[in-house]
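Beneath this line is the structure, given in structure tokens, with notes to follow.
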Amino acid sequence: MALWHRLFIHSNHSSHTMKQIFSLLILLTVGTLMSLQAQSFKVIVNNDNAVTSLTKKEASDFFLKKKSKWVTGTAVMPVDLSSSSAVRESFSKQVHGKTTAAIRNFWQQAAFSGAGTAPAEKATDADVLEYVKKNPGAIGYVSAAASTAGVKTVPIK
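See below:
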């Protein structure tokens, strides 16, 4: 008690100390929120895919169709959750560094100019899992809580 009393009551620097504590609390809160967001999805591929991990850029390139083949030569078949999904928003922000709306705009412009079409879109985690199980070149993402039995989870580094 005496230490707290000296630090906060009698110190000439009490406002400075309070600012430091407040700043630390903000950093801890932001860190916790980012950690929770980071764990809100899992990237999955077909079980037969040899990939063991991906960088954010590689994952983004596959979903934006900037890379169309896996190292084995198999065509990449990305699948997104519906644009209203909170998991998709988290994925878009963390992997592409953009909102889902910005990614939708990217695909609208690509379709209008004839440069490409958006990935397949599925309504639920179960639908994404089924798509990835059935297609050897498929890559998708599901909520962190989803069971990934029958597919391979790929860490994003």
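Following the working numbering, the numbering of the sequence shown begins with 25 at its first residue and continues without gaps.
Every residue gets a Cβ at the ideal spot worked out from N, C-alpha and C, and that includes glycine.
Option nearest residue i by Cα separation, candidates the options
| i | options | result |
| --- | --- | --- |
| residue 87 | 72, 96, 167 and 116 | 116 |
| residue 97 | 73, 77, 81 and 107 | 73 |
| residue 157 | 176, 127 and 121 | 176 |
| residue 142 | 178, 70, 128 and 153 | 128 |
Distance, residue j Cα to residue i Cα
| i | j | result |
| --- | --- | --- |
| residue 83 | residue 119 | 7 Å |
| residue 57 | residue 64 | Unreliable positioning characterises residue 57 in this predicted model, as indicated by a pLDDT of 49, which lies under 50. The coordinate reading is nonetheless provided below. Distance between the alpha carbons of residue 57 and residue 64 is about 11 Å. |
| residue 100 | residue 163 | 7 Å |
| residue 76 | residue 66 | 13 Å |
| residue 109 | residue 167 | 10 Å |
| residue 174 | residue 136 | 37 Å |
| residue 165 | residue 102 | 9 Å |
Cβ-based neighbour list, residue i, same chain, cut-off 6 Å, excluding 5 preceding and 5 following
| i | result |
| --- | --- |
| residue 113 | 124 |
| residue 170 | 149 |
| residue 89 | 140 |
Limits of the alpha helix (DSSP H) - the one that residue i falls within
| i | result |
| --- | --- |
| residue 81 | 80–87 |
Within 8 Å, strictly: CB atoms of residue i and residue j
| i | j | result |
| --- | --- | --- |
| residue 140 | residue 94 | no |
Terminal residues of the beta strand (DSSP E) in which residue i lies
| i | result |
| --- | --- |
| residue 151 | Run containing residue 151: none in the beta strand (DSSP E); it sits in the alpha helix (DSSP H), 149–158. |
| residue 111 | Residue 111 -> not in any beta strand (DSSP E); alpha helix (DSSP H) instead, spanning 110–115. |
| residue 169 | Where residue 169 is concerned, there is no enclosing beta strand (DSSP E), given that its DSSP letter is neither H nor E. |
| residue 124 | No beta strand (DSSP E) contains residue 124, which is instead part of the alpha helix (DSSP H) from 124–137. |
| residue 104 | 101–105 |
Same chain only: Cβ atoms within 8 Å of residue i, ignoring 5 sequence neighbours per side
| i | result |
| --- | --- |
| residue 106 | 112, 145, 146 and 147 |
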